[in-house]
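Sequences listed follow chains A and B, in order. For the first sequence, counting from 1, position 75 maps to 98 in our numbering; every step adds exactly one. For the second sequence, counting from 1, position 84 maps to 107 in our numbering; every step adds exactly one. Report on the structure given below.
Protein chains: 2
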Amino acid sequence: MFIAMNRFSITPGREADFETAWRTRESYLQSVPGFIRFALLKGDEPGEYISHSTWESRAAFEAWTRSEAFRAAHGQGSLAGIIAAPPRLSLYEAVITEEAPVRA
Amino acid sequence: MFIAMNRFSITPGREADFETAWRTRESYLQSVPGFIRFALLKGDEPGEYISHSTWESRAAFEAWTRSEAFRAAHGQGSLAGIIAAPPRLSLYEAVITEEAPVRA
Numbered sequence: 024m025f026i027a028m029n030r031f032s033i034t035p036g037r038e039a040d041f042e043t044a045w046r047t048r049e050s051y052l053q054s055v056p057g058f059i060r061f062a063l064l065k066g067d068e069p070g071e072y073i074s075h076s077t078w079e080s081r082a083a084f085e086a087w088t089r090s091e092a093f094r095a096a097h098g099q100g101s102l103a104g105i106i107a108a109p110p111r112l113s114l115y116e117a118v119i120t121e122e123a124p125v126r127a
Numbered sequence: 024m025f026i027a028m029n030r031f032s033i034t035p036g037r038e039a040d041f042e043t044a045w046r047t048r049e050s051y052l053q054s055v056p057g058f059i060r061f062a063l064l065k066g067d068e069p070g071e072y073i074s075h076s077t078w079e080s081r082a083a084f085e086a087w088t089r090s091e092a093f094r095a096a097h098g099q100g101s102l103a104g105i106i107a108a109p110p111r112l113s114l115y116e117a118v119i120t121e122e123a124p125v126r127a
């Protein structure tokens with residue numbers, strides 16, 4: 024399992040605009056091979072958000088970043104003025120994973 | 024959905040010891056109400072790890088941190104010398120989530 028996190032710092036007062044931009048975007052992820060799940064995370068620190076995506080492998084994530092769907096997904100609108108700094112991408116390999124048991 | 028991330032910086036050369044400490048620990052998470060999944064993530068930056076847990080809610084995570092199981096889980100062995108600094112905990116609420124469709 025592989026996780027990509029893109030960390031955003033939002034201009035004070037523009038948090039609602041940032042969330043709206045994500046809610047109204049076209050995702051394109053549903054048909055991408057190796058995609059497992061996505062979450063937009065809001066941190067406890069002011070203006071802190073993470074675009075958080077989980078993949079079957081690093082190769083699946085890298086193939087997505089080279090795809091036409093990726094270009095289309097990232098060509099939607101502009102976050103100018105909403106984000107206070109360029110996003111910072113960090114990449115992680117899962118070395119241990121554990122899932123809750125299926126509960127009745 | 025709620026995510027807790029505890030970020031670790033490992034002393035250079037002690038990465039294998041850090042992973043072994045996690046692999047050999049008792050997890051205690053399986054029976055915790057509201058627990059969804061756990062991963063130990065290894066970052067692309069040298070010595071960078073995240074203990075990453077996903078919960079149904081912030082309340083479920085907070086109840087875990089007040090439980091006997093939490094005290095037992097965190098009383099196992101010592102990471103002295105293996106971690107270069109105290110871990111840094113960050114907490115996140117998911118404001119958007121998306122799952123891959125179930126594939127045949």
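Built from N, CA and C at the ideal position, the CB exists for glycine as well. Keep in mind that this is a model prediction, so the values were computed, not measured.
Where do the ends of the beta strand (DSSP E) carrying Ala27 of chain B lie? Phe25 to Ser32
**Request:** Could you tell me which chain B residues have their CB closer than 9 Å to the CB of Asp67 of chain A, listed as they occur along the chain?
**Result:** Ser113, Leu114, Tyr115 and Glu116
Closer than 8 Å by beta-carbon distance: list the chain A residues that pair up with Leu64 of chain B, in chain order.
From the beta-carbon of Leu64 of chain B, the residues of chain A found nearer than 8 Å are Ile26, Tyr115, Glu116, Ala117 and Val118.
Per DSSP, which one or two residues make a beta bridge with Tyr115 of chain B?
-> A:Gly66 and B:Ile26
Q) Are the beta-carbon atoms belonging to Leu64 of chain B and Ala117 of chain A less than 7 Å from one another? A) Contact: yes.
Would you call the region 25 to 45 of chain B and the region 43 to 60 of chain A touching, i.e. three or more CB-CB distances under 8 Å?
no
Taking buried to mean at least 16 other C-beta atoms within 10 Å of its own C-beta, is His75 of chain A buried or exposed? buried
Note to self: Please identify the residue among B:Glu49, B:Phe93, B:Phe25 and B:Thr77 whose C-alpha is closest to the C-alpha of Glu122 of chain A.
What the structure shows: Just measuring C-alpha positions, the residue of B:Glu49, B:Phe93, B:Phe25 and B:Thr77 sitting nearest Glu122 of chain A is B:Thr77.
Should Ala95 of chain B go down as buried or exposed, given a rule of 16 or more other Cβ atoms within 10 Å for buried?
exposed
Requested in this report: Could you tell me how far apart the beta carbons of Gly70 of chain B and Ala107 of chain B are, in whole angstroms, since I believe they sit closer than 8 Å?
Outcome: 7 Å
Start and end residues, beta strand (DSSP E) containing Glu49 of chain B
Neither: Glu49 of chain B is in no beta strand (DSSP E) and is coded neither H nor E.
Original post:
By Cβ distance below 7 Å, which residues in the same chain neighbour Trp45 of chain A in space, the five residues on each side in sequence not counted?
Top reply: Leu63
Would you tell me roughly how many angstroms separate the C-alpha atoms of His97 of chain B and Thr34 of chain B, rounded to the nearest one? 20 Å
Go through its chain and collect everything with a Cβ distance to Ile119 of chain A's Cβ below 7 Å, but skip five positions before and after it.
none
I'd like to confirm the pairing. Which residues does DSSP put opposite Ser74 of chain A in its beta bridges? A:Asn29 and A:Leu63
Query - Strand pairing of Thr120 of chain B, partner residues [DSSP] - result: A:Ala62
task = Verify whether the separation of the beta carbon atoms of Ile59 of chain B and Tyr115 of chain B is less than 7 Å.
result = Taking 7 Å as the cut-off, the Cβ atoms of Ile59 of chain B and Tyr115 of chain B do not count as close.
**OP:** Please name the residue or residues paired with Ile106 of chain A in a DSSP beta bridge.
**Re:** A:Ile33
Taking the C-alpha atoms as reference points, what is the distance between Gln99 of chain B and Val125 of chain A?
-> Using only the alpha carbons, I get a separation of about 27 Å.
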